[in-house]
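A.B. asks: Here's a structure for you.
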Amino acid sequence: MTVALETRGLCKNFGALAVARSIDFRLETGARHALIGPNGAGKTTLVNLITGRIAPSSGQVFIAGDDVTRLAEAQRVKRGLARTFQITTLFKGLSVLENVTMAVGERENTTANMWRAAGSRRAIVEEAYGLLERLGIAADAMRRVAELPYGRQRLAEIAMALALRPRVLLLDEPAAGVPSTESAVILDVVGALPDDIAVLIIEHDMELVFRFARRITVLVEGAILTEGTPAEIAADSRVREVYLGKSHGADHG
Amino acid sequence: MATPLHPIDQLGAWHRIRPLELLPWVLAVGYYFLPNSNLPLGTEILTWALFTLSLDLVLGYTGIVSLGHAAFFGIGAYAAGLVARWLGWTEPITALIFAGAVSGVAGVISGLIVLRTHGLTLLMLTMAVAVMLKELANKLGWLTGGADGLQGIVIDPIFGQFRFDMFGRTTYWYALAVLFLAWIVARRIVHSPFGRSLVGIRENATRMSAIGSPVMLRMVTVYAISAAMAGVAGALLAQTTRYVTVNVLSLEYSGDVLIMLVLGGMGRLYGAFAGSAVFLVLRDELSKLSPYYWSFGIGLLLVATVLFARGGLLGIVDTLWDRIKRWRA
């Protein structure tokens with residue numbers, strides 16, 4: 001197994017507050033990995049450090065063995081890192097098809113072109129439309145994203161991430177705020193992702209996590225508490241303690 | 001009703017020119033032949049339409065708010081005026097290109113600095129650039145004529161053939177031709193993948209970065225293109241009026257061009273045409289009624305537009321058109 005993504009000693013401090021404490025984390029090719037932890041554990045911060053939205057105070061990030069710590073967010077995307085956001089982040093005023101076409105076009109490095117008509121590269125638009133079909137939202141292709149129900153906006157965002165043909169896909173609470181009827185669709189989509197993509201999912205819904213993940217990392221107060229298979233995590237008393245809301249670190253050991 | 005095109009074909013056909021897009025040009029050519037046409041006013045409208053079009057690229061399409069776009073208009077005006085006045089570079093077309101290039105370079109330099117900021121800071125910085133340039137033009141009175149303006153600009157006949165006559169016939173055609181070429185360029189840009197990425201930045205810059213787009217590079221590029229276009233508009237003003245005042249760099253000009261764009265409608269190319277025409281015709285008519293209070297009427301129209309028609313005048317036309325279509329269906 002090759003390592004698709006790795007962090008070494010990743011730290012982030014906001015003043016005196018340490019939101020990431022020396023995080024060593026790796027994701028192998030084809031991984032189905034979940035990141036869990038109570039609110040404020042620093043899960044989204046870790047994703048932002050990995051993608052380059054925020055710069056670490058110290059430590060390194062590697063994609064497929066290359067040190068990308070100094071690369072900007074967009075450059076890391078070109079190295080094969082794609083993400084969805086906790087709160088849907090799309091071009092709301094544009095159609096669903098245009099949203100995904102934008103991502104395919106960006107991947108193909110066509111967007112520096114100022115002279116050619118945007119829709120004239122048929123292969124790009126066809127690929128985008130194919131992704132919509134795959135995720136079951138092709139009927140909404142020409143609707144503005146803002147008009148879609150939230151669940152389908154989540155799917156559109158996943159379609160955009162897939163359009164980048166990532167080797168690492170980070171999904172930040174893909175089912176949050178989605179009614180259960182629609183979250184099943186999202187689960188199916190996530191479950192059917194190709195095997196050569198390493199997937200990291202942040203999720204609060206434990207049922208979803210245990211169905212999806214082959215490994216689970218538990219993050220508490222900016223540090224990794226433990227990592228293991230779903231069975232190991234379910235049996236871990238420390239994890240249960242954290243989730244039962246007992247004050248962490250007290251009378252224990 | 002025809003069956004709607006497949007979404008893939010809709011995107012593929014989206015850049016094709018629609019008959020209505022030729023309307024402004026029919027009107028502009030037709031106006032020339034009207035018996036009582038006011039060609040100097042017409043030329044002024046064409047010049048400001050070009051300036052407004054340049055602002056539409058950065059504000060309407062990319063969402064970069066600028067309160068100092070006159071900086072580039074003024075740089076272009078002075079570039080064309082100064083080379084004609086002091087260097088004897090009186091050939092208009094090459095001087096126009098030169099002025100555009102100078103403004104474009106200024107756009108790159110200031111863009112690299114101001115576009116790192118957002119919101120109010122950006123607004124203030126764009127304004128500060130224009131204010132500083134205006135003070136500079138004022139200080140360099142020996143070169144620019146200072147507050148008296150740059151006078152004695154001589155411009156050769158266009159192609160060595162068409163002299164700038166006193167009725168403003170040549171200037172009208174000249175301005176119309178330049179605007180037409182700029183429109184072709186702007187239209188191609190906004191329909192290109194680059195143009196779509198600008199709209200992506202306007203809609204959601206975070207998402208653009210997350211799909212791997214070099215957002216800063218895209219913004220500086222369009223800022224420079226827009227600056228060059230504004231510079232050409234300024235040069236056009238200098239050449240057609242053969243006079244440049246420090247006003248070309250003023251906050252008033254930056255504000256006027258912004259009002260024209262908002263009035264006409266942002267992010268739709270033709271809003272620039274409608275806004276500049278309505279603004280300048282209204283100003284002309286209102287100042288005949290009252291030389292001091294004409295801006296009141298424009299202010300009123302602007303308030304109404306911002307409150308009730310966020311898409312500007314062309315937005316109103318769109319809404320009406322949709323209603324008629326629905327009513328007929």
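Just so you know, the protein sequences line up as chains A and B, in that order.
Residue numbering for the first sequence follows our numbering, beginning at 1 and increasing consecutively.
Residue numbering for the second sequence follows our numbering, beginning at 1 and increasing consecutively.
Beta carbons are placed, not taken as given, at the ideal position from N, Cα and C, and that holds for glycine.
1. Return yes when the Cβ of ALA80/B is within less than 7 Å of the Cβ of LEU95/B, no when it is not.
2. Taking only beta-carbon positions, decide if ARG116/A is within less than 7 Å of chain B.
3. Assess contact between the segment 222-233 of chain A and the segment 7-27 of chain A, defined as three or more Cβ pairs (one per stretch) separated by less than 8 Å. Is contact present?
4. Report yes if the CB atom of ILE197/A is closer than 7 Å to the CB atom of ASP172/A, and no otherwise.
5. Given that a residue counts as buried once 16 or more other Cβ atoms are within 10 Å of its Cβ, and exposed if not, what is VAL29/B?
6. By Cβ distance below 8 Å, which residues in the same chain neighbour SER95/A in space, the five residues on each side in sequence not counted?
7. Assess, as a yes-or-no matter, whether the segment 19-27 of chain B is touched by the segment 147-161 of chain B under the definition of 3 or more beta carbon pairs within less than 8 Å.
8. For a contact defined as C-beta to C-beta under 8 Å, what are the partners of LEU11/B on chain A?
9. Quick one: which chain B residues come within Cβ less than 9 Å of ARG8/A?
10. Comparing the C-beta of TYR129/A with each C-beta of chain B, is any distance below 7 Å?
11. Three-state secondary structure (DSSP) at VAL218/A?
12. Output, in sequence order along the chain, the residues in the segment 137-151 of chain B whose CB is closer than 9 Å to any CB in chain A.
13. Does the distance from the C-beta atom of THR111/A to that of PHE194/B stay below 7 Å?
14. Starting from ARG218/B, trace the beta strand (DSSP E) both ways and give me its first and last residue.
15. How about THR206/B: is its C-beta nearer than 7 Å to some C-beta of chain A?
16. Excluding the 5 residues preceding and the 5 following LEU309/B in the sequence, name in chain order all residues of the same chain whose CB lies nearer than 6 Å to its CB.
17. How many Å lie between VAL123/A and ALA82/A at the Cα?
18. With ARG218/B and MET114/A assumed to form a contact (beta carbons below 8 Å), what rounded beta-carbon distance in angstroms separates them?
19. Please report the distance separating the alpha-carbon of PRO7/B from that of ALA128/A.
20. Between the segment 178-192 of chain B and chain A, which residues of the former have a C-beta closer than 8 Å to a C-beta of the latter?
21. For ALA272/B, which of LEU258/B, GLN239/B, GLY141/B and ILE298/B has the nearest alpha-carbon?
22. Please classify ARG32/A as buried or exposed, where buried requires at least 16 neighbouring CB atoms within 10 angstroms.
23. Can you give the Cα-Cα distance for VAL185/A and TRP327/B, rounded to whole angstroms?
24. Answer with yes or no whether the minimum CB distance from GLY200/B to chain A is below 7 Å.
25. Under 7 Å Cβ-Cβ, which residues of chain B neighbour MET142/A?
26. Any beta-carbon of chain B closer than 7 Å to the one on LYS12/A?
27. Specify whether the segment 262-270 of chain B and the segment 80-93 of chain B touch according to this definition: at least 3 beta carbon pairs, one from each stretch, less than 8 Å apart.
28. Counting only beta-carbon atoms, is MET1/B nearer than 7 Å to chain A?
29. Counting only Cβ pairs nearer than 8 Å, list the residues of chain B close to ARG215/A.
30. Bridge partners for GLU28/A per DSSP, in chain order?
31. Using 8 Å as the cut-off, can you tell me whether the segment 266-286 of chain B makes contact with the segment 239-246 of chain B, which would need three or more C-beta pairs spanning the two stretches below that distance?
32. Would THR62/B pass as a contact of LEU198/B if the rule is Cβ separation under 7 Å?
33. Taking buried to mean at least 16 other C-beta atoms within 10 Å of its own C-beta, is ASP9/B buried or exposed?
34. For a test of the three-state rule: what should DSSP assign to ILE8/B, helix, strand or coil?
C.D. replies: This is what the structure gives:
1. Position 95 of the second sequence, counted from the first residue, corresponds to residue 95/B. Position 80 of the second sequence, counted from the first residue, corresponds to residue 80/B. According to the sequence as given, residue 95/B is Ala; it is not Leu. Yes, the pair counts as a contact, with Cβ atoms nearer than the cut-off.
2. Counted from its first residue, the first sequence places residue 116/A at position 116. Closer than 7 Å to the CB of ARG116/A there is at least one CB belonging to chain B.
3. Touching, yes, given that three or more Cβ pairs across the two stretches are closer than 8 Å.
4. Taking the first sequence and counting its residues from 1, one reaches residue 197/A at position 197. Taking the first sequence and counting its residues from 1, one reaches residue 172/A at position 172. The Cβ atoms of ILE197/A and ASP172/A lie no closer than 7 Å to each other.
5. Along the second sequence, read from residue 1 onward, the residue named residue 29/B stands at position 29. Answer is exposed; the Cβ neighbour count stays below 16.
6. Against the first sequence, residue 95/A aligns to sequence position 95. The residues are ALA141, MET142, ARG143, ARG144 and VAL145.
7. Proximity of the segment 147-161 of chain B to the segment 19-27 of chain B falls short of the contact definition, fewer than three beta-carbon pairs being nearer than 8 Å.
8. Counting from one through the second sequence, the residue named residue 11/B turns up at place 11. By Cβ distance, chain A contributes LEU97, GLU98, THR101, ALA118, GLY119 and VAL125.
9. For the purposes of this step, residue 8/A is taken as residue 8 along the first sequence, with counting starting at 1. Against chain B, the beta carbon of ARG8/A has no neighbour under 9 Å; the closest one sits roughly 24 Å away.
10. Locating residue 129/A in the first sequence gives position 129, counting from the first residue. The beta carbon of TYR129/A sits closer than 7 Å to some beta carbon of chain B.
11. Residue numbering aside, residue 218/A sits at position 218 when the first sequence is read from its first letter. Strand at VAL218/A.
12. Taking 9 Å as the Cβ-Cβ cut-off against chain A, none of the residues of the segment 137-151 of chain B qualify.
13. As a first step, residue 111/A must be located in the first sequence, where it is residue number 111. As a first step, residue 194/B must be located in the second sequence, where it is residue number 194. Contact flag set, yes.
14. Translated into the one-based positions of the second sequence, residue 218/B becomes position 218. Unbroken run through ARG218/B is the alpha helix (DSSP H), 215-241; no beta strand (DSSP E).
15. Taking the first residue of the second sequence as position 1, residue 206/B is located at position 206. Yes - at least one Cβ of chain A is within 7 Å of the one on THR206/B.
16. On the second sequence, residue 309/B is found 309 positions in, with the first residue counted as 1. Here the sequence assigns Ala to residue 309/B, which means Leu is not the residue at that position. Excluding sequence neighbours, ALA309/B sits near GLY315 and ILE316.
17. Counting from one through the first sequence, the residue named residue 123/A turns up at place 123. Counting from one through the first sequence, the residue named residue 82/A turns up at place 82. In the sequence on display, residue 123/A carries Ala and not Val. Cα to Cα, the separation comes out at about 21 Å.
18. Taking the first residue of the second sequence as position 1, residue 218/B is located at position 218. Taking the first residue of the first sequence as position 1, residue 114/A is located at position 114. In fact, because the Cβ distance is near 11 Å, the residues do not count as touching under 8 Å.
19. Position 7 of the second sequence, counting from 1, holds the residue named residue 7/B. Position 128 of the first sequence, counting from 1, holds the residue named residue 128/A. So the two alpha carbons sit approximately 11 Å from each other.
20. Only ARG188, ILE189, HIS191 and SER192 from the segment 178-192 of chain B bring a Cβ to less than 8 Å from some Cβ of chain A.
21. Sequence index remark: in the second sequence, residue 272/B carries index 272 (1-based). Nearest option by C-alpha distance: LEU258/B.
22. Position 32 of the first sequence, counting from 1, holds the residue named residue 32/A. It is buried - the Cβ of ARG32/A has at least 16 other Cβ atoms within 10 Å.
23. Stepping through the first sequence from its first residue, residue 185/A is reached at position 185. Stepping through the second sequence from its first residue, residue 327/B is reached at position 327. Going from the Cα of VAL185/A to the Cα of TRP327/B covers about 38 Å.
24. Your numbering for residue 200/B matches position 200 in the second sequence. Taking Cβ atoms only, chain A reaches closer than 7 Å to GLY200/B, which makes this a yes.
25. As a working note, residue 142/A is residue 142 in the first sequence. Those are PRO7 and GLN10, listed as they occur along chain B.
26. Here residue 12/A refers to the residue found at position 12 of the first sequence. Interface flag for LYS12/A against chain B is unset, since no Cβ pair is found closer than 7 Å.
27. The answer is no - the segment 80-93 of chain B does not touch the segment 262-270 of chain B, with fewer than three Cβ pairs under 8 Å.
28. Taking the second sequence and counting its residues from 1, the one referred to as residue 1/B is at position 1. A caution first: MET1/B carries a pLDDT of 47, below 50, which makes its placement in the model unreliable, though a value can still be read off. Answer no: the Cβ-Cβ gap between MET1/B and chain A never drops below 7 Å.
29. What you label residue 215/A is simply residue 215 of the first sequence in a count that begins at 1. Contact of ARG215/A with chain B by beta-carbon distance below 8 Å is absent, the smallest such distance being about 25 Å.
30. Mapped onto the first sequence, residue 28/A falls at position 28. In the DSSP assignment, the residues bridged to GLU28/A are VAL3/A.
31. Touching, no, given that fewer than three Cβ pairs across the two stretches are closer than 8 Å.
32. Along the second sequence, read from residue 1 onward, the residue named residue 62/B stands at position 62. Along the second sequence, read from residue 1 onward, the residue named residue 198/B stands at position 198. LEU198/B sits close to THR62/B, with the two beta carbons spaced by under 7 Å.
33. Counting from one through the second sequence, the residue named residue 9/B turns up at place 9. When all chains shown are included, ASP9/B counts as exposed.
34. Within the second sequence, residue 8/B is the residue found at index 8, counting from 1. In this structure, ILE8/B counts as helix in the three-state DSSP scheme.
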